[in-house]
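Step one of this worksheet: look at the structure below.
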Ligand code: SF4
Ligand code: SF4
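Numbering (the working numbering), first residue to last: 415 to 924.
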């Protein structure tokens, strides 16, 4: 499509403002509210020139999607934009608590910069834990998820118990929709811990890098197989949920993949491993440039076009499995499709505009330091404090009550110059490349990633490896949507269906 030639003939009165991109032999057109149309080159030309006759099927299709100026429905646009940006009026809902940096596994790409098991000084003390919980409850968000991270959180299991109990106690007055999640390698799990976690409705999330040989090559567990431990406990947890009568399509261990170079040719084995474990979702995350992955990049990294080939093969295969009745979805695809097909924003904090740095998530380190997000904390462990925005408040710091000190600290953090700068840097209406990108209504940028890889929180998207991933995934999704295959569309629609896991809500339990 020759925009240069078209420009002379563009109609200023027919079409609403749009962006466009050639995708899979068609022209994708998107509008401000996230509306889209996939047009043939001829249809696009007629659209851009304002030569679409009223009363034709193309006119009706474009008008129905709010692309025709004469038929423009302003109220619809406002409603859709409001729905997409609903998260802006909430405040931080995800609170990541690093209960220890100690870990018993050594992963080739460890983003968290884990500490050895002897580093007990990296365990969160009770005092810091109490202040952290108090700080969390200062949030304006009605939803609060406390996510335990490490290191390996099971190393500090008593700390988790303490925080869960204190948070539940505080929530009696606060009345938040409270949930807990633990991200663990599961190798230190035992029956007693599992019983407590299940009883207290703590969701469990782990890492599975695919088949045993790949997982164990990347995640070393002294004296054992990290894969055997993880998979054994995934099955046990899922059995425990099933025994409680919970629907296995909703209630199961969530597992995450970190895609390394060695994973790229193994897309089929990886998907099969997840299916065999009973997982219903697979998150094909590329490796990030944080923590040990920065040092091991020559071994674990790869050009993003190779990742995108891997992604396409894996998701094609997953679609095929779904068509045969096996339910498994890819998380990136589900996030984008919810925005593209569902018109909603699933509030995934790393792919939204502005991103969730502090205004959607906050990370609390074991020593009480507060970061805009977990990735900001990861950079701190690498010696860069750019994303440090404060410390959990102590009662003595307040002018009056402990509660007053905590609220004052919350206001300081939300108004912190770093937080404001990140909100501006991740606002796609202000990003020089994103503002004209066809995927602007659905996308997100990461100021921490930009800072780490390009030396500026704004970055240059045309050279960003993360932009390449987001662009490539959306190209793939629109190609498949545009293929006209009803079966694919059916699978994609199903991936946008979000069903709440209400069992894990603490308000139901207390
Ligand atoms: S800065 Fe990056 S990691 Fe942090 S919340 Fe924003 S997108 Fe997510
Ligand atoms: S990050 Fe890249 S793909 Fe996403 S809107 Fe910006 S330029 Fe487009």
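Even glycine gets a Cβ: it sits at the ideal position worked out from N, Cα and C. Since we're looking at a predicted model, the values are computed, not measured.
Exercise. Where are the alpha helix (DSSP H) runs, 4 residues long or more, that stay fully inside the stretch 822–884, in chain order?
Worked result: 831–839 and 861–868
For this session: Give me the Cβ distance between residue 584 and residue 562, rounded to the nearest whole Å; I'm assuming they're in contact under 8 Å.
Result: With a Cβ gap of about 17 Å, residue 584 and residue 562 do not count as contacting.
For this session: Answer yes or no: the CB of residue 890 versus the heavy atoms of ligand 2, is any distance below 7 Å?
Result: no
Exercise. Roughly how many angstroms lie between the CA atoms of residue 879 and residue 469, to the nearest whole one?
Worked result: 45 Å
Exercise. Which term fits residue 832, buried or exposed, when burial requires 16 or more other beta carbons within 10 angstroms of its beta carbon?
Worked result: buried
Problem set entry | residue 593, enclosing beta strand (DSSP E) - first and last residue | 591–597
Problem set entry | Helix, strand or coil at residue 445 [DSSP, three-state] | coil
Problem set entry | beta-carbon residue 674 near ligand 1 non-hydrogen atom, thresh 7 Å | no
Problem set entry | Near ligand 2: residue 853 beta-carbon under 7 Å from a heavy atom | yes
Problem set entry | ligand 1 heavy atom lying under 7 Å from the CB of residue 701 | no
For this session: Tell me whether the beta-carbon of residue 481 lies closer than 8 Å to the beta-carbon of residue 449.
Result: yes
Exercise. Do residue 582 and residue 888 have their CB atoms nearer than 8 Å?
Worked result: no
Exercise. Hey, would you say residue 627 sits closer than 8 Å to residue 640, going by beta carbons?
Worked result: no
Exercise. Within the present structure, is the beta-carbon of residue 875 separated from the nearest heavy atom of ligand 2 by less than 7 Å?
Worked result: yes
For this session: Report yes if the CB atom of residue 780 is closer than 8 Å to the CB atom of residue 547, and no otherwise.
Result: no
Exercise. Are there 16 or more other CB atoms within 10 angstroms of the CB of residue 514, so buried, or fewer, so exposed?
Worked result: buried
Exercise. Beta carbon of residue 548: closer than 7 Å to some heavy atom of ligand 1?
Worked result: no
Exercise. Taking C-alpha atoms, which residue in 854, 687, 834 and 789 lies nearest to residue 509?
Worked result: 789
Exercise. So is the beta-carbon of residue 862 under 7 Å away from any non-hydrogen atom of ligand 1?
Worked result: yes
Exercise. Does the stretch 863–871 come close enough to the stretch 452–460 to have 3 or more Cβ pairs within less than 8 Å?
Worked result: no
Problem set entry | Among 536, 849 and 783, nearest to residue 807 - alpha-carbon criterion | 783
Problem set entry | Candidates 484, 698 and 791, of which the one nearest residue 467 by Cα | 484
Exercise. Where does residue 731 fall in DSSP's three states?
Worked result: helix
For this session: Give the secondary structure of residue 892 by DSSP, where H, G and I count as helix, E and B as strand, and everything else as coil.
Result: helix
Exercise. Should the stretch 435–446 be called in touch with the stretch 886–900, which here means at least 3 C-beta pairs below 8 Å?
Worked result: yes
Exercise. Terminal residues of the continuous alpha helix (DSSP H) containing residue 699?
Worked result: That residue, residue 699, is in no alpha helix (DSSP H); its beta strand (DSSP E) goes 698–700.
Exercise. Closer than 7 Å: is that where the CB of residue 840 sits relative to any heavy atom of ligand 1?
Worked result: yes
Problem set entry | Best match in 544, 537 and 579 for proximity to residue 568 [C-alpha to C-alpha] | 537
Problem set entry | Of the listed residues 495, 815, 740 and 786, nearest to residue 802 (C-alpha basis) | 786
Exercise. Regarding residue 769 and ligand 1, is the C-beta to nearest heavy atom distance less than 7 Å?
Worked result: yes
Problem set entry | Under 8 Å between C-beta atoms of residue 828 and residue 705 | no
Exercise. Roughly how many angstroms lie between the CA atoms of residue 602 and residue 673, to the nearest whole one?
Worked result: 24 Å
Exercise. Which two residues bound the contiguous beta strand (DSSP E) that contains residue 651?
Worked result: No beta strand (DSSP E) holds residue 651; the alpha helix (DSSP H) holding it covers 640–657.
For this session: Could you name each continuous alpha helix (DSSP H) segment of 4 residues or more that falls completely within the stretch 518–562, going from the start of the chain to the end?
Result: 540–550
Problem set entry | C-beta neighbour in chain B for residue 665, strict 8 Å | Chain labels in this structure do not include chain B; a single protein chain is all it has.
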